[in-house]
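Here's the structure, in structure tokens; my notes come after.
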Amino acid sequence: MASAPTKQVVLFPFPAKGHLAAFLSLAGLLHRLLPSTTITLVSTPANVAALRAGAAAAPFLNLHALPFDAAEHGLPPGSDSPDTIIPALIIRLYEAFETLRPAFDGFIASSLAVAGR
Numbered sequence: 172m173a174s175a176p177t178k179q180v181v182l183f184p185f186p187a188k189g190h191l192a193a194f195l196s197l198a199g200l201l202h203r204l205l206p207s208t209t210i211t212l213v214s215t216p217a218n219v220a221a222l223r224a225g226a227a228a229a230p231f232l233n234l235h236a237l238p239f240d241a242a243e244h245g246l247p248p249g250s251d252s253p254d255t256i257i258p259a260l261i262i263r264l265y266e267a268f269e270t271l272r273p274a275f276d277g278f279i280a281s282s283l284a285v286a287g288r
């Protein structure tokens, strides 16, 4: 008899510190309620690196960085979050975040393929 597929939850918060903190809390709650579920938080490289380096990362939480090069969008290098840039560049950053969609779609498609769905 085949085993049931592993349940997966993918969390993709807006890449800002406050949103990340709230989604980390949500991930913890989901883990307590559904301990056998795989939980992955998706964000930009700098945010994922900060989560990995800090105590905020939990052992049950998978982290996945979507490719994002701020300089390609006329932003200072490492500008992966609104708190890292000057207010005059906020709109440009928001527009740059729209380019994360194809990589996110690809991540979801590959996750589904691995899960056999």
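Under this note's numbering, think of the first position of the sequence shown as 172, with each following residue one higher.
In this text, a Cβ means the ideal position worked out from N, Cα and C, and glycines have one as well.
Everything numeric in this text was worked out from a predicted model, so none of it was measured.
Candidates the options, of which the one nearest residue i by Cα
i, options, result
"residue 244", "195, 233, 267", "267"
"residue 273", "187, 259, 239, 223", "239"
"residue 204", "269, 231, 224, 215", "231"
"residue 252", "224, 197, 211, 215", "215"
"residue 222", "201, 207, 196, 246", "196"
"residue 181", "192, 187, 262, 208", "208"
"residue 242", "264, 213, 192", "264"
"residue 225", "261, 254, 192", "192"
"residue 235", "177, 262, 271, 259", "271"
"residue 198", "287, 260, 212, 285", "212"
"residue 269", "177, 183, 179, 178", "183"
Secondary structure of residue i, DSSP reduced to three states
i, result
"residue 285", "helix"
"residue 246", "coil"
"residue 234", "strand"
"residue 172", "At residue 172, the pLDDT of 46 sits below 50, so the modelled position is not reliable; the number obtained from the coordinates is stated separately. In the structure shown, residue 172 sits in coil (DSSP, three-state: anything other than H, G, I, E or B)."
"residue 279", "helix"
"residue 262", "helix"
"residue 239", "coil"
Residue i burial status per 10 Å Cβ neighbour count (16 or more: buried)
i, result
"residue 210", "buried"
"residue 218", "buried"
"residue 247", "exposed"
"residue 200", "exposed"
"residue 250", "buried"
"residue 258", "exposed"
Beta-ladder partner(s) of residue i, from DSSP
i, result
"residue 182", "212"
Requested in this report: Could you tell me which uninterrupted alpha helix (DSSP H) segments, each at least 4 residues in length, are contained entirely in the stretch 186–232, listed from first to last along the chain?
Outcome: 188–204, 216–224
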